[in-house]
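Working notes, structure below.
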Amino acid sequence: MNAELKKDFYRNVYKIAIPVTLQSLIMALLTLTDQLMVGQLGDVAIASVGMSSKIYGIISVVLAGLAMGVSVYAAQFWGKQDRKSISGLLGIGLLVGFSLSFLFSLFVFIKPQLCLSLFTTDARIIEDGFIFLQITALTYVPMMLTMMYSAILRSTEHVKLPMFVSLFTVVLNIILNYLLIFGKFGFPEWGLKGSAIATLIARIVECLLIIGAVYKFKLPGGADFKDLFSASKSLVTKFIRTTYPIILTELIWVLGETVYAIIYSRMGTAEMTAMTITFPLQGICIGLLAGLSSAGGVMVGNKLGAGEEEIALQYAKRFILLGISVSLVIGAIIALISPLYVSAFNVSDETHQLGIYLVWVFAAFLWVKVGNMIMAGGILNSGGDSKFVFVMESTATWLIGVPSGLLMSFVWKQPIFLVYLVLSMEEVVRFAIGMARIRSKKWIKNLVNDLAA
93 MNAELKKDFY RNVYKIAIPV TLQSLIMALL TLTDQLMVGQ LGDVAIASVG MSSKIYGIIS
153 VVLAGLAMGV SVYAAQFWGK QDRKSISGLL GIGLLVGFSL SFLFSLFVFI KPQLCLSLFT
213 TDARIIEDGF IFLQITALTY VPMMLTMMYS AILRSTEHVK LPMFVSLFTV VLNIILNYLL
273 IFGKFGFPEW GLKGSAIATL IARIVECLLI IGAVYKFKLP GGADFKDLFS ASKSLVTKFI
333 RTTYPIILTE LIWVLGETVY AIIYSRMGTA EMTAMTITFP LQGICIGLLA GLSSAGGVMV
393 GNKLGAGEEE IALQYAKRFI LLGISVSLVI GAIIALISPL YVSAFNVSDE THQLGIYLVW
453 VFAAFLWVKV GNMIMAGGIL NSGGDSKFVF VMESTATWLI GVPSGLLMSF VWKQPIFLVY
513 LVLSMEEVVR FAIGMARIRS KKWIKNLVND LAA
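Using my numbering, the first residue of the sequence shown is number 93, and each one after it goes up by one.
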């Protein structure tokens, strides 16, 4: 990569990755604030929010997969400078997304107790917590709209708008939570119901701000009704063929994480507590580096759409190297501060020691986790290689991760940090397969060369 191309690469990484990273951290802050405020209401409230989050997770991963499919094509259309096709592409995403989110929202709103009973048998949560789930079910459609328009904006290098809107939404949600949960400044004291209403208002405002800004500033996606629903049959067919494996990959990932959680929880209270301690740290680290994955998908996709395949390959390799280098440094820092981090939690000596060991394992494998995130979530999908990604992800999880976890914990009765270490080996296998795929160049495809909306 020559000096000018390298300079252009890092300039675009800074422009795209930093806002996406900040947005991820902002949303993590929102989740943390919600948990802290609702945490003042007692066990039932905390559990109700937890169960509702699991149900929300189902529709959110489906919509995230759909949004990623939109991003893949939008990035290539933007490289081709085909704005009309981007509008048609958005129309497909909105039509499919609305159908899925509306039906899911309707079912959860009508049958909240039934949905909760799938995840818990605690009668108190089902009887008292259903109102939170019922109200938050109304957020699914505005959330979908935000995700689709944000996908278009990120893929066309307009990443600051979603970041600023998310920041405003977080502040609004925190203020509304304070007012409606605790009844401050003359507002009604609604408790758990107030938290749900605050979330609903914030989601609606977020959606309106994103869409309003797109049309006001004539950004990509700000099309009239005719252009929005004018996608050609070939685009629809190709989009569906590329996107359904992405959605399946997201669902397989969630299912795999659920199985891992079951494995940890069945090993004992100390073990599950120690693993839970690592979750906030994992979320922050992955959130910090998620911007590289998004930037990789956008920048590589732009070059593929413009027909610059050799530059796309150079970008892909540079992104992987950058991600590994940064995550090695972060991993070393995490390993060093692990005793200090775990000490922030009031836990038993046994849990404290297990927590340190688990953080060490996470730190040791962070580089490979980030490498896989960039390769699978960003680069390979940007070339429409979603079927290969699905096979790679599901094979690693279900033929290596899950069986080894079950054997290590239930058959060989190994300590949790060794179970976690062996489970993490699936990441190494996935990395080796992904790198071989990158080098083969079989993933490099111009998806939009023969397409027009």
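Backbone N, C-alpha and C define an ideal beta-carbon position, used for all residues, glycine too.
Through-space distance from residue j to residue i, alpha-carbon basis
| i | j | result |
| --- | --- | --- |
| L181 | G379 | 27 angstroms |
| A315 | L230 | 26 angstroms |
| V451 | S116 | 21 angstroms |
| I118 | L414 | 23 angstroms |
| Y270 | F279 | 10 angstroms |
| T248 | A166 | 7 angstroms |
| L133 | G283 | 7 angstroms |
| S242 | P254 | 6 angstroms |
| L206 | T291 | 22 angstroms |
| L187 | I202 | 23 angstroms |
| Y407 | T261 | 33 angstroms |
| A323 | S430 | 52 angstroms |
| S501 | V164 | 39 angstroms |
| E519 | A528 | 14 angstroms |
| N473 | V453 | 28 angstroms |
| P234 | A159 | 14 angstroms |
| G149 | E96 | 43 angstroms |
| I369 | V421 | 22 angstroms |
| N438 | F371 | 16 angstroms |
| D542 | L195 | 34 angstroms |
| F277 | S287 | 16 angstroms |
| V328 | V521 | 34 angstroms |
| E349 | T487 | 14 angstroms |
| S326 | K534 | 22 angstroms |
| G423 | I110 | 20 angstroms |
| L264 | A294 | 6 angstroms |
CB contact flag (residue i, residue j, <8 angstroms)
| i | j | result |
| --- | --- | --- |
| Y352 | M364 | no |
| A382 | V112 | yes |
| M391 | I508 | no |
| F190 | P204 | no |
| G157 | T334 | no |
| G476 | S385 | no |
| V154 | L192 | yes |
| F224 | S144 | yes |
| E442 | I536 | no |
| V511 | G493 | no |
| Y232 | S177 | no |
Status (buried if at least 16 other CB within 10 Å, exposed otherwise) for residue i
| i | result |
| --- | --- |
| Y106 | exposed |
| M367 | buried |
| L499 | exposed |
| D174 | buried |
| R531 | exposed |
| N81 | As displayed, the chain neither begins before 93 nor continues past 545, which places residue 81 out of reach and without an answer. |
| V483 | exposed |
| V503 | exposed |
| N464 | buried |
Cβ distance (whole Å) where residue i is taken to contact residue j below 8 angstroms
| i | j | result |
| --- | --- | --- |
| I332 | T238 | Contact doesn't hold; Cβ gap of about 22 angstroms is too wide. |
| G397 | F411 | About 17 angstroms separates the two Cβ atoms, so there is no contact after all. |
| M467 | G526 | 4 angstroms |
| F321 | G183 | 4 angstroms |
| I244 | G313 | 4 angstroms |
| L446 | A362 | 6 angstroms |
| V462 | S419 | 4 angstroms |
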